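Notes to accompany the following structure.
There are 2 protein chains.
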Amino acid sequence: MRSLAIGLDLGGTQIRGALVDAEGTILSRRAEATPASAGAAAVVAALARVAQEVGAQARGAEIVGLGLSAPGPLDAEKGLALATPTIAGFVDFPLAAELSAATGLPVRLENDGIAAAIGEWRFGAARGLGNMVYATVSTGIGGGAVVDGRVLRGRMGMAAHIGHMTVVQGGERCVCGNAGCFEAYASGTAFLAKARRLATLDAGSALHAAGAALTGAAVFEAAAAGDDLARRLVDDEAEMLGLGFVNLLHLYSPQMIVVGGGMSHQFAALGPAIAAYVARNALPPFRDVPVVRAALGDNSGLVGAGAIAFEAAAPAQRRLSAAG
Amino acid sequence: MRSLAIGLDLGGTQIRGALVDAEGTILSRRAEATPASAGAAAVVAALARVAQEVGAQARGAEIVGLGLSAPGPLDAEKGLALATPTIAGFVDFPLAAELSAATGLPVRLENDGIAAAIGEWRFGAARGLGNMVYATVSTGIGGGAVVDGRVLRGRMGMAAHIGHMTVVQGGERCVCGNAGCFEAYASGTAFLAKARRLATLDAGSALHAAGAALTGAAVFEAAAAGDDLARRLVDDEAEMLGLGFVNLLHLYSPQMIVVGGGMSHQFAALGPAIAAYVARNALPPFRDVPVVRAALGDNSGLVGAGAIAFEAAAPAQRRLSAAG
C-alpha cells in the first residue's frame, strides 16, 4: 500500500495543510485562518479539520502520521507549546497529544524553523548536502541547521533560534525583551519600521510620500530605480543579513545557507551584497560558502512537516537520529 | 591486550602529550616547547618525539592510534592545517599524514576547541549529557559543541568557531580582520588590554601603579578588595561572556555550557554574574541552563585527543558519527 503523510504548518494568521508523499510531492492542500485569539481548543479543532480535509484525499493510501510545524518556543521532544506569543492559550499546552486525540494519528511537533530546514534539506535547495543552515527572514527570523547529516534539535528540540543571537550589544530592543538581536535588525518587520521612519524624515526620497503606508516591496522598487535612501536601506539590510550569516557559518560550518521567508522574495537584490559581505568578513576557509534562496518557497515548512511524519513512522531511522 | 591511545595538544608555545586509557585516565605525560618559528618539519619532529616518549610508557599495551588537537583553522576531515597564524609553515600542510609517517600510528586531527569539548563531554563536567557546549576563554576564544549526542564537526570539521561570532556590529577590530567578534571583547587578551588602558587613565584605582605591567589576576584581586575600576572590569567581562553564552544557548540548545581556558581560573568571580546575565536575557526556556567551570582544567584537550584516537580505531562507532 502506498504511504502518505500529512504536513501541517501553523502560523499566527493561517493554518496550512498538505498531503505529501515520501518524495515531498504535495498531493492535496488546504488552508484556513488561525483562530489565534479563540483559545487552544479552537486552534486544535481547526488543525484537525485541515488535517481531515487533506487526509480525505488519500484515496485508500495509508497515512503514516502527521507532522506539525509550529512557532516556538516549544518542547518538540514532549510535544508542548511552551509560550507561543501569537496564539492565545499556548502556554505549556500539550499540542501534539491533543491533536493526536483529535485526529487519531501519531503527531510529531517541530519548531517551524527546523521543519522548514528539513524541507529545504530533503527536497529543496540543499538536497543531498550533509551540512546546511536554513534561515527564514520574515516577520521574525527563525531557522534550522543540519550538521554532519543530522538535523540539530538539542535540549527540548530548541536548537537554531537564530533570530535571537545578539549582534549589536546594547542595541535595539527586540520583541523577546533582549536587546540587539539579529531579528531586531534584519527581519522584515525591522526593515519596514526603519524604512518608514527614515522615509518620513527624508523629503528628497521617492519613499517620502508613502510615509507610514510604505511597503517593503516599494523600497526595493525605489532602490532599483536609483533612489538614494532606498538603496541605503537595501544595502543595510544585506549587510545585517551578511553579518548574521557569517556568524552561522562560523558556528555550524554549513556547505550552504538557504534563505526563505518573505524577505527571500527580494533575493535578487540582496544576494550579491550578502555574498560580498561573507567574502569580506568570514574567516578565509568559510568565504566561499554559497547563500541561496529557498527552492520550495512557502512550502518548505509544509513538506518538512510531512518528512518529519515519515521519519517518526520509520522506527530504525528515528532511533538513529535521536541517539545519545 | 590492554588498549591505550596517545593524545597530543599542540599549542602556540607548548606541545603536550599524554598516554591515556579508554576512560580518559592519563598514564604518562610529556611536554616540550613548540618550535613555532622553525617550520612545519620541526613541529612534526617535536610532536613525534613527544608521542614516542609517552608511547614508550605503554609497557606492552596496544596503542590504537594518536589524536592531535591543534589550533585552527584546519580541515579536520583531510588532516590539513590550513593557515595557523601562530605556527610558521602551517599553510595547507598535511599535518596528520606527516605525523602518521613520523610515528607509524594512525593520526586523527581535530580543532582544539572540539577536542577539549570531547574531553569535557566524555570525562569531565558534561559527562553523560547529550547536549553541551564547551568554550575556552584564553588568549582567544574557541569551542566545541555536542548536540543530540554527537560532536558537531560540519564542513571540513570547522563547526563551533565561537570566538568569531560578531556581537558588536562595527565594534573593536579582531585579530581575524573582522570587527566586533566575541573574542575581541571577552578573551583574556581583550580583558587585559582594556584593563591596562583604563588603569593608566584612572589615578584613583589600585590598578593604576602597575600600568602596562598589570596582570589579569591582579585585576580580579583588586575587584575582590573592592576597587571600583577592577569591579567594573570584572562585571563587564562577565557581561560579555554572558552575552556570547546566551547566543550559544539559542543556537545549540545545550543542557550545559562548560568554560575552560585561562579565564576559567577566575570562575568563582565571574560565574554568578554570568548566570545572572543568562537568567535576565535568554529566551525564557533557556534561562536555567547551567554555565560551569571545566572539570579537567588544562587537560580537556589532551584527554579529548586521546578519546578521538579511540573513536577512530572503533570503525562501527566512527561510521555512525560520520553518517550522512
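Protein sequence lines, in the order shown, are assigned to chains A and B. Position 178, counted from 1, in the first sequence is what this note's numbering calls 172; the numbers after and before it change by one each time, with no gaps. Position 169, counted from 1, in the second sequence is what this note's numbering calls 163; the numbers after and before it change by one each time, with no gaps. Built from N, CA and C at the ideal position, the CB exists for glycine as well. Owing to the predicted nature of the structure, the values given are computational and were not obtained by experimental measurement.
Partner residues on chain A for residue i, Cβ-Cβ distance less than 7 Å
i	result
B:R149	N125, S247, P248 and Q249
B:Q46	Here the premise fails: no neighbours, minimum Cβ distance about 32 Å.
B:R158	The residue you asked about is not Arg; residue 158 of chain B is His in the sequence shown. Near B:H158 (Cβ distances below 7 Å), the residues of chain A are H244 and L277.
B:L237	T160 and Q163
B:C325	Nothing about residue 325 of chain B can be read from this structure; chain B reaches only from -5 to 318.
B:A77	P278
B:V240	T160
B:N172	N275
Three-state secondary structure assigned by DSSP to residue i
i	result
A:L195	helix
A:N241	helix
B:D86	strand
A:G1	strand
A:Q249	coil
A:I81	coil
B:A75	strand
A:D106	helix
A:V14	strand
A:A40	helix
A:E305	helix
B:S31	coil
B:Q51	helix
B:V169	coil
B:A217	helix
A:S181	coil
B:G66	coil
B:V101	strand
A:Q163	coil
B:R225	helix
A:G236	helix
B:G174	coil
B:G6	coil
B:A96	helix
Residue i versus residue j: straight-line alpha-carbon distance, rounded
i	j	result
A:A307	A:G98	14 Å
A:S315	A:G33	Caution is warranted here: a pLDDT of 49 is assigned to A:S315, below 50, making its placement in the model unreliable, and the coordinate value is therefore given only provisionally. Their Cα atoms are separated by approximately 34 Å.
A:A216	A:I251	27 Å
A:P266	A:R287	12 Å
B:N336	A:H244	For chain B, the structure presents residues -5 to 318; residue 336 of chain B sits outside this window and is missing.
A:R(-4)	A:A55	5 Å
B:D292	B:V253	11 Å
A:I57	A:G49	8 Å
A:A301	A:G124	17 Å
B:A96	B:A35	10 Å
A:V169	A:T78	12 Å
B:D229	B:A218	12 Å
B:E71	B:G210	37 Å
A:T183	A:E177	9 Å
A:G205	A:Q163	30 Å
A:A203	A:A187	15 Å
A:A110	A:V38	21 Å
A:I20	A:G236	33 Å
B:N275	A:R167	11 Å
B:E231	B:Y179	8 Å
B:R225	B:S258	17 Å
A:G11	B:F87	52 Å
A:D282	B:V14	39 Å
B:I156	A:D222	36 Å
Neighbouring residues, chain B, relative to residue i (Cβ below 9 Å)
i	result
A:P67	L277, P278, P279 and F280
A:V37	Residues of chain B passing the Cβ test: none, with the nearest at roughly 20 Å.
Residues that residue i contacts on chain B, provided the C-beta gap is smaller than 8 Å
i	result
A:A153	V141, L245, Y246 and S247
8 Å contact criterion, which residue i and residue j should meet: CB distance rounded
i	j	result
A:P319	B:L277	There is simply no residue 319 of chain A to check, as chain A begins at -5 and stops at 318 in what is shown.
A:V127	A:P279	Not quite, the Cβ-Cβ distance comes to about 16 Å (not below 8 Å), so this is no contact.
B:T160	B:G255	B:T160 to B:G255, Cβ: 21 Å. No contact.
B:G238	B:S181	Not quite, the Cβ-Cβ distance comes to about 10 Å (not below 8 Å), so this is no contact.
B:L103	B:L62	5 Å
A:G137	A:G165	Wrong, their Cβ atoms sit about 20 Å apart, outside the cutoff.
B:G151	B:P100	In fact, because the Cβ distance is near 16 Å, the residues do not count as touching under 8 Å.
A:D69	A:A299	A:D69 to A:A299, Cβ: 17 Å. No contact.
Heavy atom of the ligand HEM within 8 Å of residue i beta-carbon
i	result
A:A288	Absence of the ligand HEM is noted for the structure shown, with no ligands found whatsoever.
Contacts that residue i makes with chain B (C-beta to C-beta distance below 7 Å)
i	result
A:G121	Here residue 121 of chain A turns out to be Arg, not Gly, going by the sequence shown. Chain B residues near A:R121: none, gap ~13 Å exceeds 7 Å.
Sequence ranges, alpha helix (DSSP H) only - wholly within the stretch 252 to 298 of chain A, length at least 4: Runs of the alpha helix (DSSP H) spanning 4 or more residues and lying entirely within the stretch 252 to 298 of chain A occur at 261 to 275, in chain order.
In the stretch 111 to 159 of chain B, which residue ranges form an unbroken beta strand (DSSP E) of at least 3 residues, counting only runs that do not cross its ends? DSSP runs (the beta strand (DSSP E)) wholly in the stretch 111 to 159 of chain B: 126 to 131 and 135 to 141.
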